[in-house]
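S.K.: Encoded as structure tokens, here's the structure I'll be asking about.
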Amino acid sequence: MGSVIFTIVGCGDAMGSAGRFNTCFLVDDDIGRFAIDFGASSLVALNALDIAPDSIDAIFLTHLHGDHFGALPNLLLMREYVSDAVRPLTIAGPPGLQTRIVGLFDAMFPGMWKTDWKFPLHIVEIEPGAPVEILGRVVLTQPVTHYAGPEPSTAIRIETCGHAIGFSGDTGWNEVLVEIAKRTDLFLCDCFDRHDKPFEGHLSYDTLLRNADRLETGRLLMTHLGPEMLNAPDSFEIEQAKDGMVISLAEVTPA
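Residue numbers for the sequence shown follow my numbering, so the first one is 1 and each next one is one higher.
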């Protein structure tokens with residue numbers, strides 16, 4: 001097995017509750033460096049950790065809400081006008097990604113989208129339900145329960161260098177999470193609410209705890225915690241993700 005280091009750049013909700021950055025996970029493997037999601041605060045969060053944003057080779061997106069892909073225009077402009085690096089960048093996500101990225105860019109920086117960047121830019125749309133190899137990693141996405149427009153919201157599983165990482169994305173309970181988490185070294189799961197709510201777009205701790213034993217993972221982390229979770233006086237049985245956390249997958253006991 002190769003070396004895989006997982007860094008939580010940001011694991012907060014859309015509102016930045018408790019000062020947490022939007023979702024952005026960074027993975028260093030023997031192939032290079034990739035990110036899972038790139039929420040609106042991700043460029044700031046990377047710089048705060050002294051991680052060069054232009055060192056990222058690929059970004060895999062679970063869904064197209066601003067707190068999960070909103071910093072992409074800033075990253076592209078940084079790489080075009082500030083960085084000297086010309087390494088290629090691959091951005092992969094659900095069907096409809098190309099149109100949404102261009103639309104987001106035009107809304108934030110009108111007239112500045114380019115068709116000829118100084119670095120090779122590849123946008124890959126992943127069809128949920130079938131594994132695909134992207135830059136040497138095997139990626140599987142599955143639709144989940146979270147509305148983000150006409151494009152599907154997905155959970156994602158990435159296998160690299162003999163290790164597997166899973167992430168629920170934003171979702172209420174969905175049986176595909178069992179498949180995505182199975183035999184992963186690390187699984188990060190949405191846990192926005194403390195108790196069950198009528199809204200089905202996010203998980204609660206109550207629901208996650210009921211299903212935790214079904215998620216066959218070496219290490220389970222709660223992410224995307226909302227104010228109710230962050231302010232709860234409870235002592236939780238499931239580990240909480242935190243900004244800046246660094247995990248070596250070689251040190252995780254396999255599921």
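The C-beta atom is built at its ideal place from N, Cα and C for all residues, glycine as well.
(1) Applying the criterion that 16 or more other CB atoms from any shown protein chain within 10 Å of the CB defines a buried residue, is V138 buried or exposed?
(2) Counting along the chain, where does the beta strand (DSSP E) carrying I165 start and finish?
(3) Report yes or no: do three or more beta-carbon pairs, one from the region 26-44 and one from the region 59-72, lie closer than 8 Å?
(4) With a threshold of 7 Å between beta-carbons, can R87 be considered close to chain C, or not?
(5) In the DSSP assignment, the beta strand (DSSP E) including F105 goes from what residue to what residue?
(6) Ordered along the chain, which non-local residues of its own chain (more than five positions away) have a Cβ less than 8 Å from that of M78?
(7) Candidates L64, H195 and W117: which alpha carbon is nearest A85's?
(8) Taking C-alpha atoms, which residue in F192, E127, L61 and T145 lies nearest to M229?
(9) Measure the alpha-carbon distance for L225 versus G12 and round it to whole angstroms.
(10) Count the other CB atoms within 10 Å of the CB of N74; is the residue buried (16 or more) or exposed (fewer)?
(11) DSSP beta-bridge partners for G70?
(12) Does R194 pass the burial test, meaning 16 or more other C-beta atoms within 10 Å, or should it be called exposed?
(13) Mind the definition here: the region 107-126 touches the region 170-180 only if three or more C-beta pairs lie below 8 Å; say whether that holds.
(14) Should A266 go down as buried or exposed, given a rule of 16 or more other Cβ atoms within 10 Å for buried?
(15) DSSP on R137, reduced to helix/strand/coil?
(16) Mind listing, in chain order, the continuous beta strand (DSSP E) runs of no fewer than 3 residues lying wholly within the region 186-211?
(17) Please state if the CB of I5 and the CB of D28 are separated by a distance shorter than 7 Å.
(18) Considering only the beta carbon of each residue, do D190 and L203 sit closer than 7 Å?
(19) What span of residues does the beta strand (DSSP E) with I158 cover, start to end?
(20) With the cut-off set at 7 Å, would you say I134 and A92 are in Cβ contact?
M.R.: The short version:
(1) The sequence position of residue 138 within the sequence shown is 138, counting from 1. It counts as exposed.
(2) Taking the first residue of the sequence shown as 1, we reach residue 165 at position 165. Following the DSSP letters along the chain, one finds I165 inside the beta strand (DSSP E) bounded by residues H163 to F167.
(3) By the Cβ criterion, the region 26-44 is in contact with the region 59-72, since at least three pairs of Cβ atoms, one from each stretch, lie closer than 8 Å.
(4) Looking for chain C here will not work: only one protein chain is present.
(5) Locating residue 105 in the sequence shown gives position 105, where the first residue counts as 1. Run containing F105: none in the beta strand (DSSP E); it sits in the alpha helix (DSSP H), L97 to M108.
(6) Translated into positions along the sequence shown, residue 78 becomes position 78. Here the set comprises L43, P53 and D54.
(7) As a first step, residue 85 must be located in the sequence shown, where it is residue number 85. Among L64, H195 and W117, the Cα nearest to that of A85 is on W117.
(8) Counting from one through the sequence shown, the residue named residue 229 turns up at place 229. Of F192, E127, L61 and T145, the residue nearest in Cα terms is F192.
(9) Within the sequence shown, the letter at position 225 stands for residue 225. Within the sequence shown, the letter at position 12 stands for residue 12. So the alpha carbons of these two residues sit roughly 6 Å apart.
(10) Position 74 of the sequence shown, counted from the start, is the residue given in the question as residue 74. The Cβ neighbour count for N74, taken over all protein chains shown within 10 Å, is at least 16; the residue is labelled buried.
(11) Taking the first residue of the sequence shown as 1, we reach residue 70 at position 70. Answer is none; G70 lacks a bridge partner.
(12) Walking along the sequence shown from the start, residue 194 turns up at place 194. Around the Cβ of R194, a 10 Å sphere holds 16 or more other Cβ atoms; the residue is buried.
(13) Too few Cβ pairs lie closer than 8 Å, so no.
(14) Nothing can be reported for residue 266, as the shown portion of the chain is limited to 1 through 255.
(15) Counting from 1 along the sequence shown, the entry for residue 137 is found at position 137. If DSSP states are grouped into helix, strand and coil, R137 belongs with the strands.
(16) You should have 186-190.
(17) Counting from one through the sequence shown, the residue named residue 28 turns up at place 28. Counting from one through the sequence shown, the residue named residue 5 turns up at place 5. The Cβ-Cβ distance between D28 and I5 falls below 7 Å.
(18) Against the sequence shown, residue 190 aligns to sequence position 190. Against the sequence shown, residue 203 aligns to sequence position 203. The Cβ atoms of D190 and L203 lie closer than 7 Å to each other.
(19) In the sequence shown, counting from the first residue as 1, residue 158 sits at position 158. Run containing I158: T154 to T160, per the beta strand (DSSP E) assignment.
(20) Along the sequence shown, one-based indexing puts residue 134 at 134. Along the sequence shown, one-based indexing puts residue 92 at 92. Yes. Within cutoff.
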